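Undergrad: Below are the structure tokens for one structure; questions will follow.
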Amino acid sequence: MPRRDDIKTICILGSGPIVIGQACEFDYSGTQATRALRAEGYRVVLVNSNPATIMTDPELADATYIEPLTPAFVTQVLEKERPDALLPTMGGQTALNLALALHADGTLDRLGVELIGAKPDVIERAEDREIFQRVMNEIGVDQPESGIARNLDQAWEILDRVGFPAILRPSYTMGGTGGNIAYNRDEFAEYIKWALSQSPTGEVLIDESMLGWKEYELELMRDRNDNVVIICGIENFDPMGVHTGDSITVAPIQTLSDREYQAMRDDAIKIIRAVGVETGGCNIQFGVCPSTGRRVVIEMNPRVSRSSALASKATGYPIAKIAALLGVGYTLDELLNDITGKTCAAFEPMLDYVVVKMPRFAFEKFPAASDTLTTQMKSVGEVMSIARTFPEAMGKAIRSLENKSAHLHVTLARPEAGDHQSIVEFYRPHLRRPTPNRVYYVLEALRAGLDVAAINEISKIDPWFVDQLSQIVECELELGEVAKAGEPVDRALMRQAKRLGMGDIDIAAVLGTPEEDVRQHRLALGLRPVFKQVDTCAAEFESVTSYFYSTYEDGDNESLPMDKPSVMILGSGPNRIGQGIEFDYCSVHAALALREVGYRTIMVNCNPETVSTDYDISDRLYFEPLTFETVMAIIEQEKPVGVILQFGGQTPLKLARQLFEHDVPVLGTSAAAIDRTEDREQFKVIIDKLGLRQPEARTVMSWEQAQEAAELLGFPMMVRPSYVLGGLAMEVVYDAADFHAIFLRAQAESPGSPVLLDKFLSQAIEVDVDCISDGAEAVIGGVMEHIEEAGVHSGDSACALPPYNLPETVLRQIREQTIEMARELQIVGLMNVQFAVQEHRVFILEVNPRASRTIPFVSKAIGVPLARFAARAMLGEKLSDMGLTHERVPDYFSVKESVFPFNKFPEVDTILGPEMRSTGEAMGIDQGFNIAFLKAQIASKNEPPREGTVFISVKDSDKWAVVPVVRGLKELGFEIVSTRGTADYLRQNGLEVRSVNKVKEGQPHIVDLIINAEVSMVINTTIGGHAVRDSRSIRRATLQLGIPYFTTLAAAKAAVGAMREVAESQPGVRSLQEYHHSLDARAREGQLR
Amino acid sequence: MVVDSTRSNDRKQPAILVLEDGSHFEGIAAGAPGKTIGEAVFNTSMSGYQEILTDPSYRGQLLTFTMPHIGNYGVSGADRESMAIQASGLIVRSISRMASNYRSEISFIKWLEDNGTVAISEVDTRALTRHIRDKGVMMGAIVHGAGAADVAAIVAELRDYPDYGNEDMIARVACEQPMSVVVSQDALCETQLATGLRAAEVRLVALGSEPVATERPHVVVVDFGVKQSILRCLDRSGFRMTLVPASYGAEQIAALKPDGVLYSNGPGDPAVLDHHLASIRQTSMSHPTLGICLGHQLLARAHGASTFKLPFGHRGPNQPVMNLARKTVCMTSQNHGYAVDPTSFSQDVVITHVNLNDQTIEGFRHRTLPIFAVQYHPEAGPGPHDADDCFDDFAAAVRANL
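Listed in order, the protein sequences are those of chains U and D. The numbers in the numbering used here rise by one with no breaks, and the one at position 497 of the first sequence is 497. Counting the second sequence from 1 gives a position; the numbering used here is that position plus 10000.
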């Protein structure tokens, strides 16, 4: 059946800001779909509020709207663009829910827009738990005992059938938000209330527990001729009870016989047909009882999902691309398998390797949060590894994590010497409770002598997996004996260790020698990895796509020399707080740019959610950990003319030193320059030389020194450890009372390294500048003024481009200083500088000689793909030759706002500080600053109300400034409630305010008011440890009820300004291409700057 | 239930796989000790090693699994395709010493040893598969205890060894006497039935030794090395079955008064089985007939077509087959090294199915008579159940002819 020609324009919805449970896998899917549909000649209109994505690049779609993903804004886009069809299956739960809303309110019908990929009734059958259960009953697919409750009474009734432990999951949420496992009646009541509050429909599903069952997932595709294929079967290492996003997962399925697998496959096909997914992909999860084989279906997603991204990368089958093409009418047999280039897409990939996915957590950022893994997803990113066997893949996955746990010998609690039983008892809780560390405890328990059966019995992890891991431990024992005997490791043993996935670093840990010694010894033994292809067909057909993984095999190396000089780009590894999709965006741009100018490109990365790990972004893709060992092996194989480190965030930069030492041709800014920015002493020399200003600072090694420094600098003071990302353990300390505890935490973060103390600039405005340079000339990319005051991590702060408030004299200084800095450091590529402005005095806070988090935001705001130009500059092109000579200052405003994962961590305070905790960002664009700010707020789910009561409680230093804010709110008809201090101050200024008790003043207090839904917005600023702790329950309640809140006065001011404008007229929508077009026109007329 | 074998592949006795063209692959000895010779082929299935190894069509072949881990879920009596391992040897990347599955009755390693199967593990099976793909299937030997130094001698021995395609292996895999087929699910536990597992015990008993369901239509299965799953599928389609040796003539088959006849799968080159063609032609002209795999090739040859050897065959569960009448695609399980030449068909025959990967013929029917044949394995075992309609069509044809 050919493609549909009655459709001309297709609208694709993205998934908005990165949050836990919905990350850059939807950039991957949206990008693939957009490219595929445009290649077919369709006009594509894209809506997404997330600027860090590749899909929102203006050259990707025909019209790109960076607008909030709400029915109101998307309706405007549809009215303006009049697409024939809407494809809602590429943008996760956000897009699906949005499409349903547009269907329900009649917009789609009114505008004649057809939903393709998933129809409303199909979405409902899959997503509505009750209907789904009914459909499953009809087709005879077994399910767990369960029921749906809309209130606590109904929940108790269902509990009688289901029993403890009970699994709770709210309807229509993603990433399992609000999900829990209740083991007793108290927990049950508490979790039900939380779950009901989290579900947009106020429903919670209560399930029979299948704790300890095996969990599986199948990825399916179906076309309009009813052809169904299974793309990938995935088996979870962690038994049921852990959200699949938080589980270690393995492909292909390892412990099902063909009879069992085919019966599961039969069920899956029955389900996709009964639910009625007509075209496109879906994933279905099953639980299997290990002792009886009973199989139940858990859930299905009628869309491209995180698992689809994983399955695509695991198999080489481009699920999103094919799903998009099926949506416009193609059938599977009409589409080509890109990887083989000759067989068709109607087939099921066969793997001759093993894939392991591991989640990456961020509990170090949320010390208060429980690290027990449950049915609510808590991980912020993931890594994938490919190897020939499971242990080898596991070892590589662990090394890909790039955190303190990125090796096999993680430091964990050890039992005291005792008999075997006491050792078993020691490990029992660690093996039973699922946490990020459980897999390391399995290794430790094996080392301590527990057998496979015992570990399986306690943890319910399939004994096959445990046995495979025990082979690693057996090899460690052999290595240990050799080391004890003082002998060198022979080739056979070294080969075995490598084939079991042990990194040089792991072998070094067992032998007690440096990693480099192991590497040299290994190379002397002639042991190098070979590179094998991911080809979708287990080598049955020759493959034309160069997608490789390393492994230790005897056979041939499939990575053959290329015909042209190549450049290698190191990606940014797993998403984490402080390093996410922005760097993937930069890596992808570098790859595309260098290909355009005639190089072969080589991408190295281990993050399956990303666009950079799509096989057609680069000439070659190596799915490998970003460790020195693997990166060096690839360099030795490929011999690139250059390696680019500065686009992958901190990850590749960490390798810079070692790569320089091994004579690797690193492109761009020199290692010496990198050192000059990172070493405080050297940096001070530059600052003095250029006559710039820094906040006064001290570097201390001990508490005694810290106290001396504190006396010198005075409070408030910024405390930070060395060598951390995203401001980990960074804090502002306001008084001596809190200093010791904060100092100790910073010290613990980088033991043995100095702690840095800075004079904290109160009431200062932070400014971020991105700049590009070719070593001689430097051009400003963009100047961003933060909306929060200094003290909030720049990654967590909202910012505006161009600056909305700073005087031109200050901005001129900032620009000049940036350029001077770039020249002094001879930056080749990108550089980011952070400034603070206090009373018109400019301070330099830090310089990063690499692509920054804000590059995609700036690129979209100014209409210049900075990363592309930077990549070319690194290969020797001059900025002037590329036509990049002047800063482009838009005549419209772009505002970036951050999005936080607090709803996943009910234990955590939401107040912002110097430690970055946001997972993603949204962008708002408009002619005026206020509306741009408002759009960013709406896009980050913090939409100010149009009426109601506003609660205001501000710190003393903000009181004078809150008066005009309150006045504005009153004029808009809002009622104001305040705690006594603020209320008194406002009344003195002639404003009528209601008083309410602080929590510690007794009930009824402000939290009661919030819980009773009497407050529609909160403005709450605090300072100092005590006040912060006192107001915590207010922020918690606000978050729980989804009430918009502002914790800085600057943000509140902007919000109220926007609310005033909105009261007069509804903000409009405009595509990025239109904004850039007008900017280009002005640039031609020389009107910019 | 977990069967934890105390045996492991720690023994580390070296072994080598040597191919006819002199290339060789080192590994570790596994299974029964010794040496074995056969045609080296590869199968890309990710599950179903037990069914594949017990498939009589693998007689005379050294089987390479591209799936790296083999043996993970042990071995279960209800999953076999014949009573013993049929492949002449086994080549794998990694054999599991642990069998993890509630249905497992015996560990994989023990099973190999009990069956006397010579195997080699720790082989770079991907490199081997690529070699076979590029150079075509060829004869090879697995030799335990040997190393690279012994290659020349082994190659010389391989050159003297009869080629896979020249041998008629049917007598070694098929029944010698007509037998009644009894299919029962009695041995399966409740959940196996409830979860839809297509497992059932198949027994062959002497004719008349056990009561048969005479109300069911009767299919005579001509045995060239039949897979038990074919018998399970015929049973599910409502037939009673008599299995007869391949050598059974048309008159002998007619005497059994079949309502339909099935020509089974089996090993080897159909071209060496021409002595069966006259009987096949005669029988198929007078009964509704289904041919599967080798049976498909023999039916084609009986009706005037020719066959040829594929460079490396189709062996796996993901072969896309298009039903030309319905325009739908099925994922099919396949295991064949020969194919029917489409240009050789007479006007009496219509091609019904093609393989979307290489456009080879996957099925045909007679224009006027109820004769059907498929190159793929609609019975799965192992593999997807997408092609169930093949048995439905056959059953409909048989019933229409009653």
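Backbone N, C-alpha and C fix where the C-beta goes; we use that ideal spot for every residue, glycine too. Remember, predicted model here, so these are calculated numbers, not experimental data.
#1: Comparing C-alpha positions only, which one of U:F893, U:M264 and U:L469 sits nearest to A798 (chain U)?
#2: Can you list, in chain order, the stretches of the beta strand (DSSP E) that have 3 or more residues and sit fully within the segment 123-171 of chain U?
#3: Would you kindly work out how many angstroms separate the C-alpha atoms of H589 (chain U) and M874 (chain U), rounded to a whole number?
#4: According to DSSP, simplified to helix, strand and coil, what is G10077 (chain D)?
#5: So, helix, strand or coil for R306 (chain U), using DSSP?
#6: Pop quiz: L332 (chain U) and A346 (chain U) are said to be a contact at Cβ under 8 angstroms. What is the actual Cβ separation, rounded to whole angstroms?
#7: Bridge partners of P10320 (chain D), per DSSP?
#8: At a CB distance below 9 angstroms, what residues from the segment 277-296 of chain U approach chain D? Give them in sequence order.
#9: Once you ignore the five residues that flank V452 (chain U) on each side, which residues in its own chain have a CB closer than 7 angstroms to its CB?
#10: Answer with yes or no whether the minimum CB distance from G555 (chain U) to chain D is below 8 angstroms.
#11: Start and end of the beta strand (DSSP E) containing T10036 (chain D)?
#12: Of the residues that make up the segment 10311-10324 of chain D, which ones have a beta carbon closer than 9 angstroms to any beta carbon in chain U?
#13: Rounded to whole angstroms, what is the Cα-Cα separation between I167 (chain U) and D258 (chain U)?
#14: Using a Cβ distance threshold of 8 angstroms, determine whether the segment 828-845 of chain U contacts the segment 742-753 of chain U, with at least three qualifying pairs required.
#15: Mind checking if P434 (chain U) is an interface residue toward chain D, Cβ cutoff 8 angstroms exclusive?
#16: What residue range is occupied by the uninterrupted alpha helix (DSSP H) comprising M821 (chain U)?
#17: Hey, would you say D223 (chain U) sits closer than 8 angstroms to H10385 (chain D), going by beta carbons?
#18: P290 (chain U) and Q32 (chain U): beta carbons closer than 8 angstroms?
#19: Give a yes or no on whether the minimum CB-CB distance between Q10185 (chain D) and chain U is below 8 angstroms.
#20: For D105 (chain U), which option in U:A85, U:L713, U:T75 and U:I686 has the closest C-alpha, if you only look at C-alpha atoms?
#21: Compute the distance between the beta-carbons of T10054 (chain D) and S10082 (chain D), then report whether it is under 8 angstroms.
#22: If I measure Cβ to Cβ from P200 (chain U) and keep anything under 7 angstroms in the same chain, skipping five residues before and after, which residues do I get?
#23: So, at 6 angstroms on beta carbons, what are the nonlocal neighbours of H1077 (chain U) in its own chain, with the 5 sequence-adjacent residues on each side left out?
#24: With burial defined as no fewer than 16 other Cβ atoms inside 10 Å of the residue's Cβ, what is the status of G140 (chain U): buried or exposed?
#25: Measure the alpha-carbon distance for I116 (chain U) versus Q285 (chain U) and round it to whole angstroms.
#26: Jot down the residue ranges of each uninterrupted alpha helix (DSSP H) in the segment 921-997 of chain U, minimum 4 residues, whole runs only, in chain order.
#27: Alpha helix (DSSP H) containing A9976 (chain D): first to last residue?
#28: In the segment 251-266 of chain U, which residues sit with their C-beta less than 9 angstroms from some C-beta in chain D, listed in chain order?
#29: Does the CB of K321 (chain U) have a neighbour CB from chain D at under 8 angstroms?
#30: Under 8 angstroms between the Cβ atoms of P170 (chain U) and V204 (chain U)?
#31: Less than 8 angstroms between C-beta atoms, sequence neighbours within five positions excluded: which residues of the same chain meet that for G10295 (chain D)?
#32: Go through its chain and collect everything with a Cβ distance to Q10282 (chain D)'s Cβ below 7 angstroms, but skip five positions before and after it.
#33: At 3 residues or longer, and completely inside the segment 366-409 of chain U: list those beta strand (DSSP E) runs for me, N to C.
#34: How far does the alpha helix (DSSP H) with H1077 (chain U) in it reach, from first residue to last?
#35: Give me, in chain order, the residues of the same chain whose beta-carbon lies closer than 6 angstroms to that of H407 (chain U); leave out the 5 immediate sequence neighbours on both sides.
#36: Would P10014 (chain D) pass as a contact of I10028 (chain D) if the rule is Cβ separation under 8 angstroms?
TA: So, from the data block:
#1: Start at 1 with the first residue of the first sequence, and residue 798 (chain U) comes out as number 798. The option with the nearest alpha carbon to A798 (chain U) is U:F893.
#2: Runs found: 146-149 and 166-170.
#3: Here the question's residue 589 (chain U) lines up with position 589 in the first sequence. Here the question's residue 874 (chain U) lines up with position 874 in the first sequence. Distance between the alpha carbons of H589 (chain U) and M874 (chain U): 13 angstroms.
#4: To locate residue 10077 (chain D), count along the second sequence from 1; it is residue 77. G10077 (chain D) falls in the helix class under three-state DSSP.
#5: As a first step, residue 306 (chain U) must be located in the first sequence, where it is residue number 306. When DSSP states are grouped into helix, strand and coil, R306 (chain U) belongs to the helix group.
#6: Within the first sequence, residue 332 (chain U) is the residue found at index 332, counting from 1. Within the first sequence, residue 346 (chain U) is the residue found at index 346, counting from 1. In this structure L332 (chain U) is in contact with A346 (chain U), their Cβ atoms being roughly 4 angstroms apart against a cut-off of 8 angstroms.
#7: Stepping through the second sequence from its first residue, residue 10320 (chain D) is reached at position 320. DSSP lists D:M10331 as partners of P10320 (chain D).
#8: V288, C289, P290, S291, T292, G293, R294 and R295
#9: For the purposes of this step, residue 452 (chain U) is identified with residue 452 of the first sequence, where counting begins at 1. Here the set comprises P463, V466, D467 and S470.
#10: By one-based count along the first sequence, residue 555 (chain U) stands at place 555. Output row for G555 (chain U): interface = yes.
#11: In the second sequence, the residue the question calls residue 10036 (chain D) occupies position 36. K10035 to N10043 is the extent of the beta strand (DSSP E) around T10036 (chain D).
#12: Across the segment 10311-10324 of chain D, CB contacts with chain U closer than 9 angstroms involve F10312, H10314, R10315, G10316, P10317, N10318, Q10319, P10320 and M10322, in sequence order along the chain.
#13: Stepping through the first sequence from its first residue, residue 167 (chain U) is reached at position 167. Stepping through the first sequence from its first residue, residue 258 (chain U) is reached at position 258. If I take the Cα positions, the gap works out to 30 angstroms.
#14: no
#15: Looking up residue 434 (chain U) in the first sequence gives position 434. No, because no Cβ of chain D sits closer than 8 angstroms to the Cβ of P434 (chain U).
#16: Within the first sequence, numbered from 1, the residue matching residue 821 (chain U) stands at position 821. Segment E808 to E824, the alpha helix (DSSP H) holding M821 (chain U).
#17: Numbered from 1 along the first sequence, position 223 holds the residue referred to as residue 223 (chain U). Numbered from 1 along the second sequence, position 385 holds the residue referred to as residue 10385 (chain D). The Cβ atoms of D223 (chain U) and H10385 (chain D) do not sit closer than 8 angstroms to each other.
#18: Residue numbering aside, residue 290 (chain U) sits at position 290 when the first sequence is read from its first letter. Residue numbering aside, residue 32 (chain U) sits at position 32 when the first sequence is read from its first letter. No, Cβ-Cβ distance for P290 (chain U) and Q32 (chain U) is not below 8 angstroms.
#19: As a working mapping, residue 10185 (chain D) is identified with position 185 in the second sequence. For Q10185 (chain D), the nearest beta carbon of chain U is not closer than 8 angstroms to its own beta carbon.
#20: Along the first sequence, one-based indexing puts residue 105 (chain U) at 105. The option with the nearest alpha carbon to D105 (chain U) is U:T75.
#21: In the second sequence, counting from the first residue as 1, residue 10054 (chain D) sits at position 54. In the second sequence, counting from the first residue as 1, residue 10082 (chain D) sits at position 82. Yes. Within cutoff.
#22: Residue mapping note: residue 200 (chain U) aligns to position 200 of the first sequence, counting from 1. Closer than 7 angstroms at the Cβ level, and outside the excluded window around P200 (chain U), lie Y172.
#23: Counting from one through the first sequence, the residue named residue 1077 (chain U) turns up at place 1077. Answer for H1077 (chain U): no residue qualifies.
#24: Here the question's residue 140 (chain U) lines up with position 140 in the first sequence. The residue is exposed, with fewer than 16 neighbouring Cβ atoms inside 10 Å.
#25: Stepping through the first sequence from its first residue, residue 116 (chain U) is reached at position 116. Stepping through the first sequence from its first residue, residue 285 (chain U) is reached at position 285. Taking the straight line joining both Cα atoms gives about 24 angstroms.
#26: 929-939, 959-971 and 980-988
#27: Residue 9976 (chain D) lies beyond the range of chain D shown here (10001 to 10402); nothing can be said about it.
#28: P252, I253, Q254, T255, L256, S257, D258, R259, E260, Y261, Q262, A263, M264, R265 and D266
#29: Position 321 of the first sequence holds residue 321 (chain U). Cβ-Cβ to chain D under 8 angstroms: no for K321 (chain U).
#30: Here residue 170 (chain U) is taken as the residue at index 170 of the first sequence, counted from 1. Here residue 204 (chain U) is taken as the residue at index 204 of the first sequence, counted from 1. It is a contact, given that the beta carbons lie within the stated cut-off.
#31: Along the second sequence, one-based indexing puts residue 10295 (chain D) at 295. The answer, listed in chain order, is V10222, F10224, L10262, Y10263, S10264, N10265, G10266 and A10373.
#32: The sequence position of residue 10282 (chain D) within the second sequence is 282, counting from 1. Closer than 7 angstroms at the Cβ level, and outside the excluded window around Q10282 (chain D), lie A10250.
#33: 381-387
#34: The residue given as residue 1077 (chain U) occupies position 1077 in the first sequence. Here the alpha helix (DSSP H) through H1077 (chain U) covers L1072 to R1084.
#35: Looking up residue 407 (chain U) in the first sequence gives position 407. Around H407 (chain U): I505 and D506.
#36: In the second sequence, residue 10014 (chain D) corresponds to position 14, counting from 1. In the second sequence, residue 10028 (chain D) corresponds to position 28, counting from 1. It is a contact, given that the beta carbons lie within the stated cut-off.
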